[in-house]
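Sequential numbering from 5 applies to the sequence shown in the numbering used here. Note that beta-carbon positions come from the ideal geometry of N, C-alpha and C, so glycine has one too. So the structure is just underneath, and the comments pick up after that.
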Amino acid sequence: VNNPDMVLGKIVQGNKMYGDNDDTSVIAIEGADLKEQLRTAFSKIKLSVNENTDEIIIDNSPVMDVPVDIPAETKPFSYVVDNNKLYFYDNSSMTEFDGPKATGERIKGMTEIRDCLRTLISSQLNDDEEGKIQYLQHTLNDLYDKFVSKHGHLNDKANLKAFKDDMSLPLLSSLEEIKNGEVVGKAGIFEKRTINPKREITSVDTASEALALSISEKAKVDISYMSSLTGMTAEKLLSDLKGVVYENPQKMDENGNPHLEMSDEYLSGNVRAKLKFLKENYADDSRYALNISSLETVMPKDLDAADIKWQLGNPVIEKDDVNAFMYDLLKTPGYNRKGSYFSSKQIKAEYVEYTATWSISNPKGDPNNIRARTTYGTTRKTAYELIEDCLNQKATVVKDAHIVDGTKTYITNHTETELAQEKQKEIQAAFHEWILNNSAERRDRLVEKYNVRFNSTKPREFDGSFLTFPGMNNEIKLREHQKNAVAHSLYGDNTLFAHEVGAGKTFEIIASAMEGKRLGLHNKSLIAVPNHLTEQIAGDFMKLYPTANILVATASDFEKKNRKKLFAKIATGDFDAVIIGHSQLVKIPVSNEKQAEIIDRQIQELTDCISALKAEGGEAYTVKQLEKIKKELEIKMKALLDAPVRDDLLTFEELGVDKLYLDEAHLFKNLAIATKMRNISGLATNDNVQKTTDLFVKCQYLDEITGGKGIVFATGTPNATP
């Protein structure tokens, strides 16, 4: 066959239908589109016309594909102009553009601007001489002005549509200053240096200078790196940095030496636990004497009993304390008390840790008790019921049943509700006085427990002054609180950027993503923002970091026909960040195996909780409630395990994402939980919150692979954030 590429099928030897094995035959290619095959074949036929005879001549010479060299430094998923021909590089091969000529001309013009811009950026990074930079700026201005005069602004709809497949579209868009949707001028790079050049410092004179560089370049106290900068020994450096850098014997590095930490890290967190560890293990070791004295200095002052607001529902209060108060306040008869022989009549407090809820068994089992019915209760709600609501931090609501159009409905009785809530206040006040005055042993025990649990932590104050932000647009200066927020995300655990609107959370996210990548703290960031903000965030990204390599996913990218290609791009591309919309985040699947693993952990927790409740003789209603939740989870687990395996779509775990930034995180509140609590604003008790549940699973995965350092939430309304 002279032109095998013109055969619309697969050539095989032999004709099995007629038993002749000497001939060849052609069979269809499974899954191939015949219409597309014909179009491709016709495009390769070479026709010419004999001017003398008008005869059409078909050139039967073999069709040869002329390979196109991929220019050096060509970025994946970008257009290339070679010998005045336009190609698209898809990270594996070059394909010639076959669209409308006018569109091709737009793309060529934008490609020329892009290439000149990248050369200018590289020149600034390399700190080239001023003359070269001015020449490139003049060239960029000339290319831009000619393009705009012919095709309009870069951010015009037709140009954005034409260039949408090129990864550099956000970079080009950032060349124009836009206000209220209109182009109002050019970016600063057209006329001035906007990028700080790369400068490597190889030596410094002091330990403090070496420390600043170590934090900036290594994101940690790297004593070897600091020694190479100063020529000092580790002992000398630590001596000079005494009180600034601490050895933490609770953590060991890869060489078995105590982990080195900045003072803001070591002298924060649960300082009580750190101090206890040192006193139990190193009280006589002079090496840690400064650690002990420093921790004692920053330790929060112990609170006295009178400094604490004692309320039912306080987590340090145990059920025996609740029962003792309840029996004492209401003078509960002996046969109703816990431990009596009349188990069916017992009135007692129970707490279920898994659901974090309290219950009072048999709350109406003391009908003749004036204190329960009148003094601290009402005719509609006994004091036992009110105590249960207090324990669950719930304001009591009294409702009356009404029949409306044959249907029973419940309407709040405001008079009875107000009376019940006043009684709740009286009960809480009585409990506060009871803790202070009833038993010195109980009071001291609870005060100590409260201080250990709630008064042992010193918040860490992150210092971003060490950060230098290489590659950032030097026309933009981050404010102090923004630098500190970036430092928090780099050096701390999972982080919440909770500033008011206008405080610069977007630049914090971008700078954190870029610095984390540069320092090797993460490899690939996924930034999820409200759908309508993806292009705006991309523009801000390129404005702040013109050298960044980002992927901006559009709504069409997540259409079923394009999703597979997009996920392959994310997985194979070395992107600094991938920007997607909130609704698109849900469309990235987590593998069935990972979902099943997380559900299995929840089932095991429920199983343990149910067993413990049964062993303690817990309330039957609570046990039934938990068993119902467990059954639902088991059904989910079976559905996941029985679901067919899909090999055609990459999962979230396979994309290589190890840092998730979620802007406007309050939109993902209301994760379904198991609880008896009701009428609590922002609390969901159903399992239909798909996007929040999906986010929870993804966060669980990121916590596993990053040790609790892979998530940053950002919101201007932190009280509404999950």
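Contact holds between the region 556 to 565 and the region 577 to 597, because three or more Cβ pairs, one in each stretch, are under 8 Å apart. For the pair residue 373 and residue 316, the CB atoms are not nearer than the 9 Å cut-off.
Beta bridge pairing from DSSP links residue 265 with 250. With a 10 Å radius around the Cβ and a threshold of 16 neighbouring Cβ atoms, residue 115 comes out buried. Shown here, residue 373 sits in coil according to DSSP, grouped into three states, outside any helix or strand. Put simply, the region 480 to 493 touches the region 506 to 520. At least three CB pairs are less than 8 Å apart.
Two segments are said to touch when three or more pairs of C-beta atoms, one from each, lie closer than 8 Å; by this definition the region 156 to 175 does not touch the region 531 to 538.
About 5 Å separates the CB atoms of residue 593 and residue 655; that is less than 8 Å, so the two are in contact. Between residue 157 and residue 187, the CB-CB gap stays under 9 Å. Within the same chain, and ignoring the five residues on either side of residue 385 in sequence, the residues whose Cβ sits closer than 7 Å to its Cβ are 400, 402 and 424. Assignment of beta-bridge partners to residue 99 by DSSP yields 92. Within the model, the alpha-carbon separation for residue 450 versus residue 262 is close to 35 Å. In the DSSP assignment, residue 353 is bridged to 364. If you keep only unbroken beta strand (DSSP E) runs of at least 3 residues inside the region 406 to 459, you get 411 to 416. Secondary structure at residue 585: strand, using DSSP grouped into helix, strand and coil. Restricting attention to 103, 439, 171 and 120, the CA atom closest to the CA of residue 578 is found in 171. Within the region 125 to 194, the runs of alpha helix (DSSP H) that reach at least 4 residues and sit entirely inside it are, in chain order, 134 to 155, 161 to 166 and 173 to 177.
Relative to the Cα of residue 468, the nearest Cα in the group 382, 458 and 490 belongs to 490. Within the model, the alpha-carbon separation for residue 596 versus residue 635 is close to 19 Å. It is roughly 29 Å from the alpha-carbon of residue 368 to the alpha-carbon of residue 313.
In the three-state DSSP reduction, residue 83 falls in the strand class (E or B).
Taking a 10 Å sphere around the C-beta of residue 639, we find fewer than 16 other C-beta atoms and assign the residue as exposed. Residue 362 and residue 392 do touch by the CB rule: their CB atoms are close to 6 Å apart, below 8 Å.
Cβ-Cβ distances below 8 Å link residue 152 to 158 in the same chain, with the five nearest sequence neighbours on each side left out; the list follows chain order. Rounded to whole angstroms, the separation of the alpha carbons of residue 705 and residue 598 is 8 Å.
The region 239 to 252 makes contact with the region 199 to 217, as at least three CB pairs between them are under 8 Å. Of 445, 101, 161 and 175, the smallest CA-CA separation from residue 543 is found for 175.
Fewer than three pairs of CB atoms, one per stretch, sit closer than 8 Å, so the region 425 to 433 makes no contact with the region 284 to 304. In the displayed model, residue 533 falls within a strand according to three-state DSSP. By the Cβ test, the region 470 to 484 is in contact with the region 186 to 206, since at least three Cβ pairs between them sit closer than 8 Å. Cβ-Cβ distances below 6 Å link residue 571 to 654 in the same chain, with the five nearest sequence neighbours on each side left out; the list follows chain order. In this model, residue 138 and residue 89 are separated by some 29 Å (Cα to Cα). Taking a contact as a CB-CB distance under 8 Å, the pair residue 184 and residue 306 does not count as one, their CB atoms being some 57 Å apart.
In this chain, the alpha helix (DSSP H) harbouring residue 302 covers 293 to 302.
Sequence-distant partners of residue 461 (beyond 5 residues in either direction) whose C-beta falls short of 6 Å from its own C-beta, in its chain, are 274.
DSSP places residue 698 in the uninterrupted alpha helix (DSSP H) bounded by 694 to 710.
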